[in-house]
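Oh and the sequence shown: position 26 is 486 in this note's numbering, straight run, nothing missing. See structure below.
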Amino acid sequence: FAGHSHGLLGHDHKPPLAILAEARQQLERYPTIRLVNGRAESVSGAIDDFSVVTDDGETLRARRLILSYGVIDQMPDVPGFA
461 FAGHSHGLLG HDHKPPLAIL AEARQQLERY PTIRLVNGRA ESVSGAIDDF
511 SVVTDDGETL RARRLILSYG VIDQMPDVPG FA
């Protein structure tokens, strides 16, 4: 992770791990939410009835899906930029 964030409304200059911890803490308030650390291999279904097969073979069912993926910033090779 980068040392701190920029341009994320309400979180400017916060360390990314602090933002992640705060988000997880807020989600813990909802008993129907389950955080899964893995990769979806396939998704099928429609609104109110989705099935997701994970990379470890588990099949998850859900009414809604949230797409969440990581990114890696690629900084240009410009002196003084970074």
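Idealized CB from N, CA, C, for every residue including glycine. None of these values were measured; they are calculated from a predicted model.
Taking the continuous alpha helix (DSSP H) assigned at Ala-481, which residues delimit it?
For this step, residue 481 is matched to residue 21 along the sequence shown. Its alpha helix (DSSP H) spans residues 476-487.
In terms of residues, what are the limits of the beta strand (DSSP E) holding Ser-504?
As a working note, residue 504 is residue 44 in the sequence shown. Start and end: 500-506.
Skipping 5 residues on each side, what residues in its chain have a beta carbon closer than 8 Å to that of Ile-619?
Given that the chain is displayed from residue 461 to residue 542, the structure contains no residue 619 and the question cannot be resolved.
At the level of alpha carbons, what is the spacing between Val-512 and His-473?
Position 52 of the sequence shown holds residue 512. Position 13 of the sequence shown holds residue 473. Rounded to the nearest angstrom, the two C-alpha atoms are 35 Å apart.
Go ahead and pull the three-state DSSP assignment for Ala-462.
Locating residue 462 in the sequence shown gives position 2, counting from the first residue. Residue state, collapsed to three classes: coil.
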